[in-house]
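Each residue of the sequence shown is one higher than the one before, counting from 11 in my numbering.
Notes follow the structure.
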Amino acid sequence: MTTSAKISVLLDHDGSADDFLSMVLLLLMDNVDLIGVSITPADCYGENAVETTLKLLSKAGRLDIPVGLGNLHGINAFPSEWRARPKILNALPLLINIDTTASVSTVVSSQVLLTQKLKEAEAPVSILLTGPCTNLVQVLAQDPSLAQKIGSVVWMAGAIDVVGNVRTFNHDGTAEWNVFWDPISSAKLLQYSLPLTFIPLDATNAVPVTFDFLKRLALQSNHFYSDLAGQFWATTIDTIPSYDYTYFMWDVLATSYLAIPEAFTTETIEIDILSSGPGAGRTYRKPGSGQWVTIATGVTKDHFYTYLLDKFNQNPTT
């Protein structure tokens, strides 16, 4: 996709491998101006995710992009072994020797960052959520007028017409993790009548991290970002037991929507989200709710994989 003007994007991620690759992808997109990175301590521990974020921004020569860390915690925590992954990423050969003096104590809160960036924006801002939506909902609860500054929200979230990926005690398995982490805020987000696009499991289930794709990526590992992506995705092989889950390109697919929307099939529907009970976080069709969202129902897989291989076949410019 080509465009004469860049879109300003605020990223709120929650610190897993594909969150960081989503941030890298935004930095490599010709049509995107990444104006801030907010972190939700959901699929990560905050201090590790801040370190990885700053290392990647430093490597890209983009430490001018401000970083914020949320201090909110969801109702349903991600498994601790998943949350520990950013510490492993920071130890990988490509990152371990990147120095950064910044730490959790030197970054602002996500609420401050998002509020500031929205207030000073002269044109509508696109918000990409690759983790839970809690930081954004808290900002809008404090100042609902900021919704007028938002041009679009793309959220990797939900399972509309497919089963969810939550497997935990007393849950019926209908929810997706980004929604389940804080189902109350997830339900509230719908009430702001924002231009919402969900990239749910319905679409992400088509794009697993396969060994075939990793082999193709490894063939271009002489380029930094291909090597980085290969190393990051390799750490996910044992993150989720193969007998239970497959690791999909959840966040990277949602991010790609900003650049190649033509690769997606979409539908605009009315939905609702359960905020409690054994189906907490379930995202479902609800005609008459008045809560309209666009959902991705599918993606042209070859188009998407080719796009990723092309974008990651690059080196930092600094």
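Each residue gets a CB set at the ideal place from its N, CA and C atoms; glycine is no exception.
For clarity, every value in this text was computed on a predicted model and none was experimentally measured.
Rounded Cβ spacing between residue i and residue j (contact assumed at less than 8 Å)
i: residue 242; j: residue 99; result: 6 Å
i: residue 79; j: residue 49; result: 5 Å
i: residue 266; j: residue 317; result: 6 Å
i: residue 120; j: residue 145; result: 4 Å
i: residue 21; j: residue 33; result: 6 Å
i: residue 186; j: residue 278; result: Not confirmed; about 19 Å, so no contact.
Cβ neighbour criterion (16 or more within 10 Å) applied to residue i
i: residue 385; result: Because the chain spans 11 through 328 in this model, residue 385 falls outside it and cannot be assessed.
i: residue 96; result: buried
i: residue 132; result: exposed
i: residue 129; result: exposed
i: residue 253; result: Any answer about residue 253 is weak, because its pLDDT of 46 lies below 50 and its placement is not dependable; what the coordinates show is given next. Result: exposed.
i: residue 154; result: exposed
i: residue 171; result: exposed
i: residue 152; result: exposed
i: residue 232; result: exposed
i: residue 156; result: buried
i: residue 209; result: buried
i: residue 290; result: buried
i: residue 179; result: exposed
i: residue 295; result: exposed
i: residue 229; result: exposed
i: residue 173; result: exposed
i: residue 93; result: buried
Length of the line joining the Cα atoms of residue i and residue j
i: residue 286; j: residue 91; result: 25 Å
i: residue 74; j: residue 60; result: 15 Å
i: residue 321; j: residue 44; result: 16 Å
i: residue 226; j: residue 312; result: 13 Å
i: residue 18; j: residue 143; result: 19 Å
i: residue 306; j: residue 84; result: 25 Å
i: residue 23; j: residue 141; result: 5 Å
i: residue 301; j: residue 67; result: 36 Å
i: residue 56; j: residue 102; result: 18 Å
i: residue 166; j: residue 240; result: 22 Å
i: residue 310; j: residue 272; result: 9 Å
i: residue 15; j: residue 63; result: 26 Å
i: residue 274; j: residue 194; result: 29 Å
i: residue 125; j: residue 28; result: 25 Å
i: residue 70; j: residue 276; result: 33 Å
i: residue 200; j: residue 136; result: 16 Å
i: residue 72; j: residue 314; result: 26 Å
i: residue 5; j: residue 122; result: The chain is shown only over 11 to 328; residue 5 falls outside these bounds and no answer can be derived.
i: residue 297; j: residue 149; result: 28 Å
i: residue 26; j: residue 87; result: 14 Å
TODO: Identify every run of the alpha helix (DSSP H) within the region 218-262, keeping only runs that are complete inside it and at least 4 residues long; order them along the chain.
DONE: 221-228, 234-244
Task: 4 or more residues per run - each alpha helix (DSSP H) lying fully within the region 128-201 - done: 144-152, 187-190, 193-199
- [ ] Could you pull out every unbroken beta strand (DSSP E) segment of at least 3 residues lying fully inside the region 272-310, listed in chain order?
- [x] 274-283, 293-295, 302-309
Open item on the list: Three or more C-beta pairs under 8 Å: does that hold for the region 196-211 against the region 152-171?
Closed with: yes
Task: contact_flag[the region 259-274, the region 213-221] where n(CB pairs < 8 Å) is 3 or more - done: yes
- [ ] Please specify which runs of the beta strand (DSSP E), each continuous and at least 3 residues long, are wholly inside the region 69-124, giving them in chain order.
- [x] 77-79
Open item on the list: Which runs of the beta strand (DSSP E) at least 3 residues long sit entirely within the region 14-46? Give them in chain order.
Closed with: 17-23
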